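Chemist: The sequence shown lines up with residues 7 to 550 when you count with full-length UniProt numbering. Next up is a structure, given as structure tokens.
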Amino acid sequence: SESSADARSGEAKGDVLDVLVVGGGFSGLYQLDRLRDLGFDVKVWDAAGGLGGIWWWNCYPGARTDTVAHIYQFSHKGLWKDYDFAERYPDFTGVRDYFEYVDRKLNLTKDIEFDTTAAQAQWDEDRREWTVFSADGKAQKARTVLVATGFGAKPLYPDIPGIDTFAGECHHTARWPQNGLDLTGKRVVVIGTGASGVQVVQEAAHDAAQVTVFQRTPNLALPMRQRKLDGAENDSVRTGLPERFDARYKAFAGFDFSFLPENAADATDAERRATYERFWADGGFPLWLGMYQDLLADEEANRTFYDFWREKVHERVQDPATAELLAPARPPHPFGVKRPALEQDYFDVFNQDNVHLIDQNDEPVLEITPAGVVTKNGLIECDVIALATGFDSNRGGILGIDIQGVGGARLQDKWADRVDTFMGLSTSGFPNMLFLYGPQSPSGFCNGPTSAEYQGDIVVEFLEHVRAGGHTRFESATSAEKEWTAHVDELFDGSLFTKARSWYWGANVPGKPAQMLNYSGGVPAYFGKWDEVKAAGFTEFELG
Ligand code: N01
């Protein structure tokens with residue numbers, strides 16, 4: 007390997023890594039373990055203070071996965087054989103506990119530097135290596151940099167006048183205090199009703215004196231059907247796991263289930279209803295990505311599910327005006343083209359006296375003062391403000407690093423108007439750098455751990471290919487990224503995803519050009535494409 011060659015030539019091992027991985031979530035940890043096994047000299051930098059990836063940052067009240075635990079883990083190295091999950095949908099402490107377990111098994115943290123935020127990366131063409139600088143002044147050289155910062159590394163803050171003057175606690179959900187905040191008896195304002203907002207509201211409603219929820223777009227949230235899992239249930243789930251892991255590769259979104267090979271449009275009302283009820287009883291993402299195959303493509307068929315969903319919500323919310331705001335007669339957008347949250351008692355808590363819903367479209371927050379939030383109807387005094395306003399997703403984490411490629415050209419400039427990648431993996435002008443879970447990969451449409459392993463495998467395979475050929479430089483061609491971008495855009499253009507201004511296409515970030523940031527052709531098509539790339543000898547890349 008290159009590192010052993012360096013050792014022979016007397017260069018201190020460790021001075022120049024084979025690979026620096028930026029980000030220690032599922033993807034980063036997987037790279038560390040696989041590459042280390044293959045003899046690469048590799049290290050991980052993580053901005054977080056400890057293990058957990060995105061679940062280190064997202065420790066707001068109620069933060070929990072929307073994927074069932076057993077599919078939200080590695081299939082790698084039989085790790086799944088010895089770990090019991092406490093709940094069907096683990097909360098952030100559960101996911102962190104799982105990461106600690108993985109660390110005990112794989113001994114990862116010895117090669118991870120926490121509290122280390124990559125601030126800048128500079129490519130040295132002569133030496134064919136990167137130098138990455140941390141925000142606190144560390145420098146690390148590496149022949150290859152893998153950017154695994156995840157889809158949600160850059161929180162999006164609302165631009166509200168006076169936000170810094172608030173005298174109480176005001177936090178973005180993804181920057182919640184690590185030690186938590188006791189909401190008991192507090193007056194809480196929650197801005198935003200995405201997956202994060204829904205979870206905070208549910209949790210806060212139990213303890214807080216008052217919860218005021220600012221909704222801009224209703225969340226077409228689905229029942230989670232959470233429950234505790236005992237050892238016996240973990241054992242019984244485990245027996246079927248190898249097949250379920252394999253199924254992920256063949257499923258649109260990398261889960262262990264696929265769309266029904268039937269159309270809602272072809273079913274009778276009674277058949278449709280029976281199907282919806284059956285899926286409703288089980289809850290979870292199969293209601294979204296496992297039902298009739300035409301629901302996310304045919305707006306009329308989609309409407310049949312929306313109406314069913316709306317009826318279910320109205321059954322649970324007593325005040326008709328509140329029910330109408332949460333689940334309006336006219337859909338805010340087709341069901342499922344914005345990611346639905348999973349809820350436990352989200353809709354029920356609006357029946358409590360301490361929970362109030364405000365329609366931001368009619369009554370936005372005009373200003374924040376030391377005492378609370380101000381709307382056209384006056385001051386709402388509060389002690390805590392939760393900004394559940396989402397992320398500059400997919401690209402924000404990468405662009406948070408000042409990446410300077412060939413000739414000092416900045417990625418921030420190259421991507422100022424448009425992101426361009428080859429398969430979400432690489433971009434021309436930035437050699438020896440690959441992205442994991444990056445923009446224009448299935449990312450937002452793929453279960454995280456599935457992507458970490460399957461996309462992770464293609465990255466490892468590619469790096470092995472480069473090494474085996476004795477190459478020290480790789481760069482994807484501009485033509486390859488133009489084609490890929492056109493393909494991603496084309497899939498998006500005719501689709502129902504255009505009908506909701508979501509983070510899938512960056513439409514949630516004010517002032518930024520919107521562009522589809524997630525490959526919507528599905529996991530099997532994505533890896534099918536990679537098989538072709540590999541069979542043709544990686545011709546999209548120049549190897550030198
Ligand atoms: O963010 P979001 P999120 N003024 O962008 C509103 C994953 N995740 O953190 O819809 C006022 O979805 C915005 O309104 P609108 C998951 O993939 C997973 O909740 O744009 N309001 C919206 O209601 C998820 O999809 C889990 O009209 C503003 C909300 O804030 C993704 O992360 C848990 C505003 C933002 O919702 C993002 O979810 C949490 C403004 N200026 C997150 N800006 C689980 O697995 C935005 N909003 C459970």
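Glycine included, C-beta positions come from ideal geometry on N, C-alpha and C. Predicted model, so just to flag it, every value in this text is computed and none were measured.
I'd like to check one pair, G158 with W63: are the Cβ atoms closer than 9 Å?
Modeler: Cβ distance < 9 Å, so W63 and G158 count as in contact.
Chemist: Is it buried or exposed for Q521, if we count other Cβ within 10 angstroms and need 16 for buried?
Modeler: So Q521 counts as buried.
Chemist: Would you list the one or two residues that DSSP bridges to R416?
Modeler: The partner list for R416 (beta bridge, DSSP) reads Q410.
Chemist: Once the 5 residues before and after A339 are set aside, which same chain residues still bring their CB inside 6 Å of it?
Modeler: The question names Ala, but residue 339 is His in the sequence shown. Closer than 6 Å at Cβ, skipping near neighbours: K505, A506.
Chemist: Between G168 and E373, how many whole angstroms is the CB-CB distance? I'm expecting something under 8 Å.
Modeler: Yes, G168 and E373 are in contact; Cβ-Cβ is about 5 Å, under 8 Å.
Chemist: Please return the same chain residues whose Cβ sits closer than 8 Å to the Cβ of G48, not counting the five positions on each side in sequence.
Modeler: Looking at the sequence shown, residue 48 is not Gly but Val. Excluding positions up to five away in sequence, the list reads L23, D24, V25, L26, V27, Q37, L38, L41, R42, D117.
Chemist: Identify which residue in E489, V204, A215 has its Cα closest to the Cα of R193.
Modeler: The option with the nearest alpha carbon to R193 is A215.
Chemist: For Y532, which three-state DSSP category applies?
Modeler: Reduced to three states, the DSSP call for Y532 is helix.
Chemist: Give me the Cα-Cα distance between G30 and T456, rounded to the nearest whole angstrom.
Modeler: In a straight line, the C-alpha of G30 is about 16 Å away from that of T456.
Chemist: When we look at the beta-carbon of N524 and count the other beta-carbons within 10 Å, is it buried (16 or more) or exposed?
Modeler: When all chains shown are included, N524 counts as buried.
Chemist: Return the bridge partner residues of W129 from the DSSP annotation.
Modeler: According to DSSP, W129 bridges with W136.
Chemist: Closer than 8 Å: is that where the CB of S508 sits relative to any heavy atom of the ligand N01?
Modeler: Answer for S508: yes, Cβ within range of the ligand N01.
Chemist: With a threshold of 6 Å on Cβ separation, who are the neighbours of F341 within its own chain once the five nearest residues in sequence on each side are excluded?
Modeler: Closer than 6 Å at Cβ, skipping near neighbours: L226, N308, F311, Y312.
Chemist: At what residue ranges does the region 16–62 contain a whole run of the alpha helix (DSSP H), taking only runs of 4 or more?
Modeler: Listed in chain order, they are 32–43.
Chemist: For a quick check, are the C-beta atoms of Y89 and Y107 less than 9 Å apart?
Modeler: Yes; because the gap between Cβ atoms is below 9 Å, this pair is in contact.
Chemist: With H, G and I counted as helix, E and B as strand and the rest as coil, what does DSSP make of L405?
Modeler: In this structure, L405 counts as helix in the three-state DSSP scheme.
Chemist: Need the endpoints of the beta strand (DSSP E) that S242 sits in, please.
Modeler: Run containing S242: none in the beta strand (DSSP E); it sits in the alpha helix (DSSP H), 237–245.
Chemist: Does the region 139–157 come into contact with the region 390–410, if we say contact requires no fewer than three beta-carbon pairs (one atom in each stretch) closer than 8 Å?
Modeler: Cβ pair count under 8 Å is three or more, so yes.
Chemist: From A270, E481, V472, D495, pick the residue whose C-alpha is nearest to that of T433; which is it?
Modeler: Checking every option, the nearest Cα to that of T433 belongs to E481.
Chemist: Taking all protein chains shown into account, decide if P376 is buried (16 or more other Cβ within 10 angstroms of its Cβ) or exposed.
Modeler: By the 10 Å Cβ count, P376 comes out exposed.
Chemist: Would DSSP call Y298 helix, strand or coil?
Modeler: Y298 falls in the strand class under three-state DSSP.
Chemist: Does at least one heavy atom of the ligand N01 sit under 8 Å from the Cβ of V371?
Modeler: At least one heavy atom of the ligand N01 is nearer than 8 Å to the Cβ of V371, so yes.
Chemist: By a C-beta neighbour count over all protein chains shown, 10 Å radius and 16 as the cutoff for buried, is Q146 buried or exposed?
Modeler: With 16 or more other Cβ atoms within 10 Å, it is buried.
Chemist: For D262 and R250, I'd like the C-alpha separation in whole angstroms.
Modeler: One C-alpha to the other measures close to 5 Å.
Chemist: Comparing C-alpha positions only, which one of A347, L363, P229, V343 sits nearest to V219?
Modeler: Taking only the C-alpha atoms, the option nearest V219 is L363.
Chemist: Starting from the N-terminal side, write out each stretch of the beta strand (DSSP E) that is 3 residues or longer and does not extend beyond the region 330–365.
Modeler: Complete beta strand (DSSP E) runs here, min 3: 361–365.
Chemist: For the beta strand (DSSP E) that A148 lies in, which residues bound it at each end?
Modeler: 145–153 is the extent of the beta strand (DSSP E) around A148.
Chemist: Rounded to whole angstroms, what is the Cα-Cα separation between A486 and F544?
Modeler: Spanning the two alpha carbons is a distance of roughly 11 Å.
Chemist: Heavy atom of the ligand N01 less than 8 Å from the Cβ of I118, yes or no?
Modeler: No; taking the cut-off as 8 Å, the Cβ of I118 has no heavy atom of the ligand N01 nearer than that.
Chemist: Indicate whether T179 and L393 have their beta-carbon atoms separated by less than 9 Å.
Modeler: Yes; because the gap between Cβ atoms is below 9 Å, this pair is in contact.
Chemist: For D300, I'd like the list of residues in its chain whose CB is within less than 6 Å of its CB, leaving aside the five on either flank, ordered along the chain.
Modeler: Hits under 6 Å: N269, A270, A271, A307.
Chemist: Can you tell me whether DSSP reads V371 as helix, strand or coil?
Modeler: Coil at V371, not helix or strand.
Chemist: Does the region 320–328 come into contact with the region 203–217, if we say contact requires no fewer than three beta-carbon pairs (one atom in each stretch) closer than 8 Å?
Modeler: No, the region 320–328 is not in contact with the region 203–217.
Chemist: Taking the alpha-carbon of K144 as reference, which of P161, Q350, D170, F120 has the nearest alpha-carbon?
Modeler: The shortest Cα separation from K144 among P161, Q350, D170, F120 belongs to F120.
Chemist: Is it buried or exposed, Q350, if we count other Cβ atoms within 10 angstroms and call 16 or more buried?
Modeler: Classification of Q350: buried, given that the 10 Å Cβ count is 16 or more.
Chemist: From residue 552 to A422, what distance separates their C-alpha atoms?
Modeler: This structure leaves residue 552 out entirely; the chain is present only between 7 and 550.
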